[in-house]
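One structure is given below, encoded as structure tokens.
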Amino acid sequence: MSFCYFRAVSDADFIFMLNEQYDYPLPTEKIALHPVNPPDHCKLLWVSAQEQSLIDRHFYDLPDILHSEDLLIVNESKVEARRVYILKKGSDYRFESVFIADATVEFDEMKPGTYWQVLIRKSRKLKSGDLLYAELDANVQFTFYRDEHSNTFLKASQPLNEAIFMQIGQMPIPPYFQREAETSDRTDYQNFFGQIPGSAAASTASLHFTERLTKELIEKKISIERILLHISYGTFAPLTEENFSTGELHAEYYEMPESLAQRLIKRDFHRVIAVGTTSMRVLESVARISNGKYNRGLTGQTKLFLKPGDSIQVTDGLITNFHMPASSLMLLVGAMLGEKLTMQAYHHALAQHYRFLSYGDAMFIELPPRNF
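FYI, in the numbering used here the residues of the sequence shown are 754 to 1125.
Structure representation (structure tokens):
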């Protein structure tokens, strides 16, 4: 039964069918709460779409698995400490908040200030105009607002940047960890390639890289190019019927350097290997916007939702972690491998005691060679 047939039914039925196909039992004990040390000693499942094969390796084997002249695309967005505990003035209420995005431009000139869209646990206890302050620094104060769509915002008493977040916040580790961030998360949950602050979640595929491994890759003539995609905390949101009716996910800001666009035009490499779904999202977004010419759309907001049945236009391989059942990231993997091989890989990983999700083990997906 094809996915084209599924799309003829209602969005609700389509969601149910995909949930059935890309669902799997994930025992709590399979969720890694801390990373392997050193990071490149995690397991790596090598999945070949051409051979329909599964091979157990380790991440430090990557230089032996990749080909000389392959091109690795990494995301250089850096995670900021955007989980901030805030207190309501004149009460004992303590709220957990995650700062999603700077929303200053969304407010008119009648309300000057620095505004951020935030997720606040138990925000129903707050009303617009309430005054709050950061638990770790009472001098950083906020005014709460809720819009007509129930989105929540905080107006900050001062501009918020990486240094301020480091002072008042914790690393925004995934909610399924069900714990507060620890000191070790400041390094463990940081993108190895991160240079430009702006993410509310980590590019988890990057967490496995080390200086030694990167040096070995370069020595093998595997080049590394950088793109930018600031990861929203929306990456943890469950799929909704609206995602399928619009064909879109949450928006994320991205940039592709002109130098990389020129390389993609010239094809002066063997294969394009995306390190993480965020890198792949940029590659596939620009390819679609520019119709494969890479002459426009190098900067913008992407809402790309890759799912089974969609074409993969530029990515030849993907390094990624093992994702939540029936999530948008599972469907992206399904777009590359199809249902059968995707679920074979996941059930194999469970049987072989792989560790799952953000601090878990990795997978290398290898697509068949392209004809140019």
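Even glycine gets a Cβ: it sits at the ideal position worked out from N, Cα and C.
For residue i versus residue j, is the C-beta spacing smaller than 8 Å?
| i | j | result |
| --- | --- | --- |
| residue 832 | residue 955 | yes |
| residue 825 | residue 970 | yes |
| residue 1037 | residue 1072 | no |
| residue 851 | residue 1032 | no |
| residue 1018 | residue 986 | no |
| residue 1007 | residue 963 | no |
| residue 925 | residue 835 | yes |
| residue 1113 | residue 785 | yes |
| residue 945 | residue 979 | no |
| residue 886 | residue 895 | yes |
| residue 813 | residue 1059 | no |
| residue 943 | residue 829 | no |
| residue 848 | residue 873 | yes |
| residue 880 | residue 846 | no |
| residue 1091 | residue 1061 | yes |
| residue 870 | residue 893 | no |
| residue 1024 | residue 900 | no |
| residue 950 | residue 1111 | no |
| residue 1103 | residue 783 | yes |
Quick one: Cα of residue i to Cα of residue j, how far?
| i | j | result |
| --- | --- | --- |
| residue 1039 | residue 1050 | 6 Å |
| residue 1108 | residue 1121 | 27 Å |
| residue 916 | residue 906 | 21 Å |
| residue 868 | residue 857 | 5 Å |
| residue 841 | residue 952 | 26 Å |
| residue 818 | residue 854 | 38 Å |
| residue 1086 | residue 1045 | 21 Å |
| residue 778 | residue 883 | 42 Å |
| residue 1026 | residue 838 | 38 Å |
| residue 889 | residue 908 | 17 Å |
| residue 1093 | residue 1022 | 31 Å |
| residue 803 | residue 773 | 25 Å |
| residue 981 | residue 902 | 29 Å |
| residue 1034 | residue 875 | 32 Å |
| residue 1124 | residue 1067 | 12 Å |
| residue 844 | residue 937 | 32 Å |
| residue 921 | residue 1063 | 42 Å |
| residue 932 | residue 1013 | 39 Å |
| residue 1097 | residue 1119 | 15 Å |
| residue 775 | residue 1095 | 8 Å |
| residue 810 | residue 1115 | 10 Å |
| residue 996 | residue 904 | 18 Å |
| residue 862 | residue 918 | In this prediction, residue 862 has a pLDDT of 49, which is less than 50 and means its spatial position is unreliable; nothing more can be read from the coordinates. |
Tell me, which residues are paired with residue i by DSSP?
| i | result |
| --- | --- |
| residue 811 | 796 |
| residue 1116 | 798, 1073 |
| residue 1107 | None, per the DSSP bridge assignment. |
| residue 854 | 870 |
| residue 890 | 887 |
| residue 1053 | 1007 |
| residue 806 | 801 |
| residue 895 | 885, 909 |
| residue 966 | DSSP, once it has assigned bridges, lists no residue as partnering residue 966. |
| residue 922 | 837 |
| residue 976 | 824 |
| residue 937 | In the DSSP output, where bridge partners are listed per residue, residue 937 has none listed. |
| residue 831 | 950 |
May I ask whether a heavy atom of the ligand HEM can be found less than 7 Å away from the beta carbon of residue i?
| i | result |
| --- | --- |
| residue 1051 | Summarising the ligand content, the structure contains no ligands, and the ligand HEM is consequently not present. |
So, under 8 Å CB-CB, residue i and residue j are touching, yes? Tell me the CB distance rounded to an integer number of Å.
| i | j | result |
| --- | --- | --- |
| residue 788 | residue 941 | 5 Å |
| residue 1074 | residue 958 | 6 Å |
| residue 821 | residue 975 | 7 Å |
| residue 1070 | residue 1117 | 7 Å |
| residue 792 | residue 960 | 6 Å |
Self-check item: the region 1076 to 1085 touching the region 987 to 1001, judged by at least three CB pairs closer than 8 Å
Solution: yes
Practice problem: May I ask you to verify whether the region 788 to 800 touches the region 1101 to 1118, counting CB pairs closer than 8 Å and requiring at least 3? | Solution: yes
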